[in-house]
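This is the structure in structure tokens:
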């Protein structure tokens, strides 16, 4: 049986396959922040699945895979939370099990749809293939409100992060990337909300509205795919790798009301040095201030004070210093001879080539490649 092919089917079908393909790459990607990569990968997988179902429905071929009918309906209750969690995770937030509570509306909607999902395949296809007349729906309003709320939370997270680091060097390219996908998401959301609730009531034809809404989803997939290919450092970037994001200009003034005495700080300095040597937490590329504070038995605020006043460093400079020392120890080791210097750096906790090169040059005065060339004889003798 011939499947009707038209420009829309080709476009949406290509975007669906591209979304599914890049979702697999993101789910297995170790660069940057793996948790953020996984969230973006799931988001792309959902987009690809949604587009695939739409292609089958619009081409009247949903009967080929009847049990896919309606499986894309909870999409709008998942899109907002996943997008919000992706941005928050990229902006230094640790992903925890509690954040799965954001998915409760989607779970509720799936439960509500369960009687439909239990229908025989042909019955589901018949229901889904019925033309949609448009009009007001409380479910659509709830979906729209969910997406609006999460878009607002995402926007305020970005603005809060920008304000907090207004006086520091920011990873501009990555921040621009986040702002672009927020804008693309907003564009899609606004149009879809109008198309689903109001424009049909004004006499707008439904089918072009559905196609335009689906086109905006395709643009989101294309934006991620294009950026991942052309500028992968923007997608697979860990903002935590910027070693100078939390520089304290006047630590004494900031910690004026702290309960920690100078003696306490020195005791904690020795405790943290022993911890770093014994447990090597810096090898974790996703190590956060809160995570190290928990290991050290301190609050994040007190740990920040100890690092600033006891070590004269901010958190990322402190952690990356240990990572660099680990790299220097491994370079002459024969066990790591098969690895590139970047491979060693990534294993030692650095999460991007850019961050490693910048920190390496800052503390050695040379790029990693020039350092290897100038010190190769010494390294070879050390490994002999």
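In my numbering, the protein residues as written are 710 to 1093.
C-beta: ideal position from N, C-alpha, C; glycine also.
- Judged by their CB atoms, residue 1055 and residue 1028 are not nearer to each other than the 8 Å cut-off.
- Between the region 777-792 and the region 752-766, the count of C-beta pairs closer than 8 Å reaches three or more; the two stretches touch.
- Cβ neighbours of residue 859 within its own chain (closer than 7 Å, five residues either side excluded): 789, 790, 792, 793.
- Residue 1052 sits in a helix when the DSSP states are folded into three classes.
- Check the Cα spacing between residue 749 and each of 759, 760, 758, 735: the tightest is with 735.
- Here residue 980 carries a helix assignment [DSSP, helix/strand/coil].
- Shown here for residue 866: same chain residues with a beta carbon closer than 7 Å to its own, the five before and five after excluded, namely 796, 797, 800 in chain order.
- Cβ-Cβ separation between residue 932 and residue 897: approximately 11 Å, too far for a contact (criterion under 8 Å).
- Here the alpha carbon of residue 1049 sits roughly 52 Å from the alpha carbon of residue 822.
- Counting along the chain, the unbroken alpha helix (DSSP H) around residue 747 starts and ends at 743-767.
- The beta carbon of residue 928 lies closer than 7 Å to those of 893 in the same chain, with the five residues before and after it left out.
- Distance check between residue 1041 and each of 830, 1080, 1063, 1018 places 1080 closest, using alpha-carbon atoms only.
- When secondary structure is reduced to three states using DSSP, residue 868 falls in the helix class.
- Scanning the region 785-834 from its first residue to its last, the whole alpha helix (DSSP H) runs of 4-plus residues come out as 813-826.
- C-alpha of residue 1067 to C-alpha of residue 756: approximately 36 Å in a straight line.
- Per DSSP, the continuous alpha helix (DSSP H) segment holding residue 1039 begins and ends at 1024-1039.
- CA-CA distance, residue 983 to residue 807, rounds to 32 Å.
- Of the residues assessed, residue 986 falls on the exposed side of the cut-off, its CB having fewer than 16 other CB atoms within 10 angstroms.
- The beta carbons of residue 1060 and residue 999 sit no closer together than 8 Å.
- Comparing alpha carbon positions, the residue from 1051, 729, 923 closest to residue 747 is 729.
- Between residue 1039 and residue 1031, the C-beta spacing is not below 8 Å.
- Annotated three-state conformation of residue 989 is coil, per DSSP.
- Counting the other Cβ atoms within 10 Å of the Cβ of residue 1018 gives 16 or more, which makes it buried.
- The shortest CA-to-CA distance from residue 854 to any of 1025, 761, 719, 895 is the one to 895.
- In this model, residue 972 and residue 813 are separated by some 48 Å (Cα to Cα).
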